[in-house]
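One line per chain: the protein sequences are A and B, in this order. In the numbering used here, each residue's number is its place in the first sequence (first place is 1) plus 4. In the numbering used here, each residue's number is its place in the second sequence (first place is 1) plus 87.
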Amino acid sequence: MQMQKIDGTVLASNDWTLTKNDIPYPYTLMSFPYSSLTECRVGQHTLAQICKKHCDRYESFKVLFNHAIETVTQTKTSATVTGHTTTGEPFTYTASYVVGADGGKSTVRKYLGVTLDGFTWDETYLATNVFYPFEKLGYAEANFVIGGGMDWAIVCRTGDKSAPWRCTYGEVSPQKGSDEEVYARVPKRLVKFLRGAKFEEAKVDQIARYNVHQRCAKTFRIGRVLLAGDAAHLTQPMYGSPFFEVANGG
Amino acid sequence: MGVSGGYGLTTGITDAACLGDALAATIRDEQLHLLGGRDLLDEYNTLRRNVFLNVSNERSIAAKKTCQMDPENLPQAFLDNVKAAEQNPDLTRKHMLLSSDLQTLLDLPKELKGLEWGPNGQPKVNAVNGY
């Protein structure tokens, strides 16, 4: 992981092997896999498979896909969920406890009426998958790029040499710019991170625009129902050592 | 255990670690009665909300501001920190380990630590006890 200026100046580097004597698994978890000598990122898909493998060791554990929960109720001694499968079959399950780890749009949280307090940033993030050898432009395997205002970026490999790189940068809020406008200026925006290479040499594969929030559920527990993960809290994805934080009031 | 990565996923994984321990110990204690009125699920709620609000949320907001600085007018304090880290790999190592602040451990009696789930769906003491 490196922090670079938009012109390619390296400001800081994190080499995870530095922590090999401190922690048993010096890996970093990200939404896509990549591994090298200095870094092992475990993709979300792989992580899910690892979790499933561990869960399968227990007879009492069962994964049911395609079950959408609609209601969550409880008594003094149990909690019950009901809903329908994607093929329309109704289901009801009763247990001692229910944990809603069902993502940012959590049905469990909404059904309980728990508010997600905080704020939504007045901007959006644009995630682009780009076929271009970014390593030739001086990028490390994962980079935070400081470019000022909306010209920051997170630039990461998403896999081996044949896979695209992910370049995520800042964009305006939906109120200030439609998807159409924002997508139309992708070439103009992306070329800033290509460090002199021609945009025509890169191929943009996929684009996704998303809202970013700093929000936390008012409570993670109501009786026998609990919330965890994105169902309980949301944050924008940039992170770093507090060491590099600056109070700039921006 | 060590954790690192974006604070959304990482806070979620450390939530799960804390909640797993809290639930297993709560259910096990229905027989053992060692908790003396402590409610571990309330402790989970308090610990994890505090971690999100004071660590994940604060640091994510600060990191966003750092990434959005003007690259041609970086504050001197920031540049000084960059230089210090460059000259001292051990300092960088310490920064990297700061993600461990996201982890919260419940203070549990040893009989309720490191529980695993038995075949009957009831938690039992793990052979590898503790954290």
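For every residue, glycine included, the Cβ atom is placed at its ideal position computed from N, Cα and C.
Determine whether the beta carbon atoms of D121 of chain A and K222 of chain A lie at a separation below 8 Å. Cβ atoms of D121 of chain A and K222 of chain A: closer than 8 Å.
Three-way DSSP call (helix, strand, coil) for T90 of chain A in this model: Assigned with DSSP and collapsed to three states, T90 of chain A falls in coil, not helix or strand.
Does C105 of chain B pass the burial test, meaning 16 or more other C-beta atoms within 10 Å, or should it be called exposed? Buried, because 16 or more other Cβ atoms sit within 10 Å of the Cβ of C105 of chain B.
In its own chain, which residues sit with a C-beta less than 7 Å from the C-beta of A212 of chain A, not counting the 5 before and 5 after it? Scanning its chain for C-beta atoms nearer than 7 Å, with the 5 sequence neighbours on each side dropped, one finds around A212 of chain A the residues A131, in chain order.
Proximal chain A residues relative to T179 of chain B, where beta-carbon distance stays under 7 Å: Near T179 of chain B (Cβ distances below 7 Å), the residues of chain A are N18 and L22.
Please tell me whether Y115 of chain A has its Cβ less than 8 Å away from any Cβ of chain B. No, no contact with chain B.
Would G99 of chain B be called buried (16 or more neighbouring beta carbons within 10 Å of its own) or exposed? Classification of G99 of chain B: buried, given that the 10 Å Cβ count is 16 or more.
Just verifying my parser: in three-state terms, what is the DSSP assignment at F197 of chain A? Note: F197 of chain A maps to helix in three-state DSSP.
Tell me the DSSP bridge mates of G7 of chain A? According to the sequence displayed, residue 7 of chain A carries Met and not Gly. Per DSSP, A:A16 and A:F148.
Closer than 7 Å between beta carbons: that is the criterion. Which residues of the region 132-147 of chain B meet it against chain A? Against chain A - using a Cβ distance shorter than 7 Å - the residues of the region 132-147 of chain B are N132, R135, R136, F139, L140, S143, N144, R146 and S147.
Could you pull out every residue in the same chain whose Cβ sits closer than 8 Å to the Cβ of R146 of chain B, ignoring the five residues on either side in sequence? Cβ neighbours of R146 of chain B beyond the five flanking positions: Y94.
Looking at the unbroken alpha helix (DSSP H) that takes in G99 of chain B, where does it start and where does it end? It spans Y94 to L119 - the alpha helix (DSSP H) in which G99 of chain B sits, taken as one unbroken run.
Identify the continuous alpha helix (DSSP H) that holds I148 of chain B and give its terminal residues. Residues E145 to C154.
Span of the alpha helix (DSSP H) around Y115 of chain A: Per DSSP, Y115 of chain A belongs to the alpha helix (DSSP H) from T111 to L116.
Given a cut-off of 8 Å on the beta-carbon distance, is the pair C171 of chain A and F197 of chain A in contact? Against a cut-off of 8 Å, the Cβ pair of F197 of chain A and C171 of chain A comes out as a contact.
Applying the 10 Å Cβ sphere with the 16-neighbour rule, what's the burial state of E205 of chain A? Around the beta carbon of E205 of chain A, a 10 Å sphere encloses fewer than 16 other beta carbons of the protein chains shown; the residue is thus reported as exposed.
Should L231 of chain A and S110 of chain A be called a contact, given that it needs their Cβ atoms to be closer than 8 Å? Closer than 8 Å, so yes.
DSSP on Y38 of chain A, reduced to helix/strand/coil? Unreliable positioning characterises Y38 of chain A in this predicted model, as indicated by a pLDDT of 49, which lies under 50. A coordinate reading is not provided.
Under the DSSP definition of a beta bridge, which residues are partnered with D121 of chain A? According to DSSP, which records beta bridges pairwise, D121 of chain A is partnered with A:C220.
Can you tell me the Cα-Cα spacing of P94 of chain A and L193 of chain B, whole angstroms? P94 of chain A and L193 of chain B: Cα-Cα distance of roughly 38 Å.
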